[in-house]
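Residues in the sequence shown are numbered from -2 upward in steps of one, following my numbering. Input: a single structure, listed below in structure tokens.
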Amino acid sequence: MEDVLGVLLALWQNYLDGLDPAQHRVAGTVKTLRGVYSPVLENKRDIFVYLPPSYGQMSRRYPVIYMHDGQNLFDGGASFAGEWEADEAMESLSEDGIEAILVGVGNVGDARIREYQPFSHPYFGAGRGDAYLRFVLESVKSIIDADFRTLPDRAHTGMIGSSLGGLITLYAYFKFSAHVGFVGALSPSLWIARTPLRSFIESAPAPPGRIYLDIGTAEYSLDAQRRWRYDALKDYRGMRDLLIQKGYALNESLMYVEDEGGMHNEADWARRLPAALRFLLEPLMKR
């Protein structure tokens, strides 16, 4: 087993190795594993891992948060739509004793919509959300737990995503509740699966844990031709109320944020991420 783990560990690279420092930067320690293959999804993707400042203390183990759209988390030079600054957020939180391992699971371009969609859609087709989540929570998690000093139990395993990544995150909390103990859904794309997601959550058991849910008030607005009319706040408030009905206490096990003027982009998610991470992780630091 040690030889196998040694081989696996040898495959991890320092993220910045071979990259132009004028174009790429990260805060703290970020590792990457290139080309992780899923035989079920039939594609490859890169995995990015942020390690906390105290990781050099060999006796310590850490909660793990699996995050979607991994290319966008740590390095603006590699992102396709801007950076979340998740590494900077965790470096800052570490000053208050809040630490965790972050695992960024890269998306695979055109496959992203179906992999982040748990239900069938008349335009986008059959969702592959369950297969994607099994890949993350079984295949990727087994690699992470083998190669890094994690706290592998459900209570210390979380998930965060935005937009479609927020949708699949919220779904994962109820569908894969044996694996996921806390989630952050930033601007989840409720519009794409409004009815099936609500019906699914209504009928699902309510596992213990913590949920962070947010929306920017300027995310869905009409253009000059008035081609988009979507009452997003109604949907998000409805989801908040459903979660409260299921027993999640507002500002205790549920944090709901309406970000005044917030847009549907990485810059605003980066701005809200530190509060989400603090809400989800701080209780774990007290155990």
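Even glycine gets a Cβ: it sits at the ideal position worked out from N, Cα and C. If you're wondering where the values come from, they're calculated on a predicted model, not measured in any experiment.
Asked	Found
Residues near K172 in its chain [Cβ-Cβ closer than 6 Å; skip 5 each side]	none
Boundaries (first-last residue) of the alpha helix (DSSP H) holding K231	A229 to Q242
Segments of 3+ residues assigned as beta strand (DSSP E) that fall wholly inside the segment 93 to 144	98 to 102
Top-ranked residue by Cα proximity to H328, from A190, R234 and L161	As shown, the chain starts at -2 and ends at 284. That puts residue 328 outside it, with no answer to give.
Pair within 8 Å by beta-carbon distance, H153 and V102	no
Rounded distance between the beta-carbons of R269 and D211, thought under 8 Å	6 Å
Endpoints, alpha helix (DSSP H) assigned at R269	E263 to M282
For A83, three-class secondary structure by DSSP	helix
Distance CB(G74)-CB(Q20) smaller than 8 Å	yes
Own chain residues within Cβ distance below 8 Å of G158, not counting five before or after	M64, H65, D66, Y113, L164, I165, T166, G181, A182, L183 and P185
Per DSSP, cross-strand counterpart(s) of D211	L183 and V254
Unbroken beta strand (DSSP E) run spanning F45, endpoints	N40 to L48
G106 and Y168 closer than 8 Å at C-beta	no
Which of helix, strand or coil DSSP assigns to S51	helix
Proximal residues to R275 (C-beta, below 7 Å), its chain only, five neighbours per side dropped	L90 and I95
C-beta atoms of I208 and L251 nearer than 8 Å	yes
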